[in-house]
Amino acid sequence: MAVSYVLALLALHPEWQDAAHQELKDVFGEGDDYLRAPSLADLGRFGVLESIIKFFPDPQRFDPSRFLEDRVGKEHACCYLPFGLGARNCVGSQYGRLQLKVYLVDILRRFRFLPCSRREVSFSLNPIKPIRVSCMPLDGPRA
Ligand code: HEM
87 MAVSYVLALL ALHPEWQDAA HQELKDVFGE GDDYLRAPSL ADLGRFGVLE
137 SIIKFFPDPQ RFDPSRFLED RVGKEHACCY LPFGLGARNC VGSQYGRLQL
187 KVYLVDILRR FRFLPCSRRE VSFSLNPIKP IRVSCMPLDG PRA
């Protein structure tokens, strides 16, 4: 679900998709091993992608810049709640976040997501207004 929503939002916000693609190039380089499996150290270098994954405050507005390094630390630590908080918070939050990054770096190295398509994107939880997205394989040997 989270991966699907990230991809749909990136289709609607090409400036952030470009920033994610730039970060992929920065981390994986542009050579033959661009599609190599990401290491744990690689995954730690995705500040932009991580900001894209999170959502808060003003959650109705897609603005990953609120999570970029120079803007963090201004909100209260208990404001960010997608994994709950306290004694019964999500035990899989670290793993879930890592898994999201692994999926997204693999998908985004191969495809570009565009708004509009005849097909309607459908999730098990559906957005109020349908989000239409199409997926274009990236050119060249890397894709
Ligand atoms: C994006 C991925 C995920 C999200 C957004 C998410 C979110 C949540 C939330 C909101 C809760 C309730 C916390 C509370 O009541 O305060 C929760 C609980 C839990 N989550 Fe996740 N979760 C994710 C992935 C995972 C994964 C990958 C695992 C296991 C590998 C996992 C295992 C659990 C467990 C066992 C609980 C119950 C903890 C308890 O009641 O003590 N979650 N999760």
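In my numbering, the protein residues as written are 87 to 229. We put the CB at the ideal spot given by N, CA and C, even for glycine. Everything numeric in this text was worked out from a predicted model, so none of it was measured.
Within the chosen limit of 7 angstroms, the ligand HEM does not reach the beta carbon of Tyr189 with any heavy atom.
Look at the stretch 142-223 and you find these whole runs of beta strand (DSSP E), each 3 residues long or longer: 197-201, 219-223. Comparing alpha-carbon positions, the option among Ser125, Leu154, Gly130 lying closest to Lys140 turns out to be Leu154. In the three-state reduction of the DSSP assignment, Ala127 falls in the helix class, which pools H, G and I.
Looking at the backbone, the Cα of Pro100 and that of Val188 are separated by about 21 angstroms. For Ile193, the closest C-alpha among the options Leu110, Leu98, Trp102 is that of Leu110. One thing to note: Phe142 has its Cβ within 8 angstroms of the Cβ of Tyr166. Within the same chain, Asp128, Arg131 come within 6 angstroms of Val113 by CB-CB distance, once the 5 residues on both sides are set aside.
When only Cα atoms are considered, Asn175 and Tyr181 end up about 13 angstroms apart. Burial is judged here by how many other beta carbons sit within 10 angstroms of a residue's own beta carbon; Ala123 has fewer than 16 and is exposed. Here the C-alpha atom of Leu98 lies approximately 34 angstroms from the C-alpha atom of Gly172.
Assignment of His107 by DSSP, reduced to helix, strand and coil, places it in the helix class. With a cut-off of 7 angstroms, the C-beta of Val113 is classified as distant from the ligand HEM, since no heavy atom of the ligand falls inside that distance.
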